[in-house]
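Respectively, the protein sequence lines represent chains A and B. Under my numbering, think of the first position of the first sequence as 85, with each following residue one higher. Under my numbering, think of the first position of the second sequence as 71, with each following residue one higher.
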Amino acid sequence: DAMVIQNPRYQVTQFGKPVTLSCSQTLNHNVMYWYQQKSSQAPKLLFHYYDKDFNNEADTPDNFQSRRPNTSFCFLDIRSPGLGDAAMYLCATAESGYEQYFGPGTRLTVT
Amino acid sequence: AQKVTQAQTEISVVEKEDVTLDCVYETRDTTYYLFWYKQPPSGELVFLIRRNSFDEQNEISGRYSWNFQKSTSSFNFTITASQVVDSAVYFCALSEEAAGNKLTFGGGTRVLVKP
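In structure tokens:
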């Protein structure tokens, strides 16, 4: 049974064309995270929601935005994707203070 | 500031050999948590273990075991009798209570188990 679901698994977008990645969870966790992972690197935290409170990392580009309309869903919006934004995007959830559970990721290609 | 170092970037072993992955961390917090995650080629990060700073007991789960030593700031991971399915990238991570429990990952160690 999938607990953290990410759609789509693969996304191709054009340079500068807005794209939205989605994440949903069945764990009812109060914290949701978005990470960017480039090839042969560790995941890099972009931002996270503690309930409805949004927490942006200092070095996350303004090009990246997020929405969490309810406990179960969280979206990552890339307003104007550049070639450097091609990466795997990982969503994770956690009950505050406990381990994070990751989704399968969305691999983004920018053409 | 918190930091996690995985000095081994890649380890190659033959099936049934044991393999130990090193993890060294830095933190100024007294309450922190250590984790290991496995990332197979499919890409999903799979949670393996969480250990808090007050619990130095070693742990064994099947072929996996973990050795936590606060004196050397290390949290090493051993796979006994490795199998091809163990081939993956393994990440050690640290979270500090004072930093909102955000994960700081090490650089990862790629394990290749050959038949």
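We put the beta carbon where it would ideally sit given N, CA and C, even for glycine. Given the structure is predicted, the values throughout are model-derived calculations rather than measurements.
Burial of Ala171/A is indicated by the presence of at least 16 other C-beta atoms within 10 angstroms of its C-beta. For Ser141/B, the secondary structure class from DSSP, reduced to helix, strand or coil, is helix. Put simply, the backbone Cα of Asn112/A is about 7 Å away from that of Thr155/A. Within the same chain, Leu130, Phe131 come within 7 Å of Thr144/A by CB-CB distance, once the 5 residues on both sides are set aside. The beta carbon of Gly168/A does not come within 8 Å of any beta carbon belonging to chain B, so the residue lies off that interface.
Distances from the alpha-carbon of Lys172/B to those of Gly100/A, Asn147/A, Thr190/A, Gly181/A put Gly181/A closest. Each residue's CA atom was taken as its position, placing Ile81/B and Thr179/B some 7 Å apart.
Exclusion of the five residues before and after Thr174/B leaves Gln72, Val74, Leu164 as the residues of its chain whose Cβ lies within less than 6 Å of its Cβ. Per the C-alpha coordinates, the member of Val89/B, Ser143/B, Ser157/B, Val181/B positioned closest to Asn122/B is Ser143/B.
When C-beta atoms of the region 160-171 of chain A are compared with those of the region 87-104 of chain A, three or more pairs fall below 8 Å, so the two segments count as touching.
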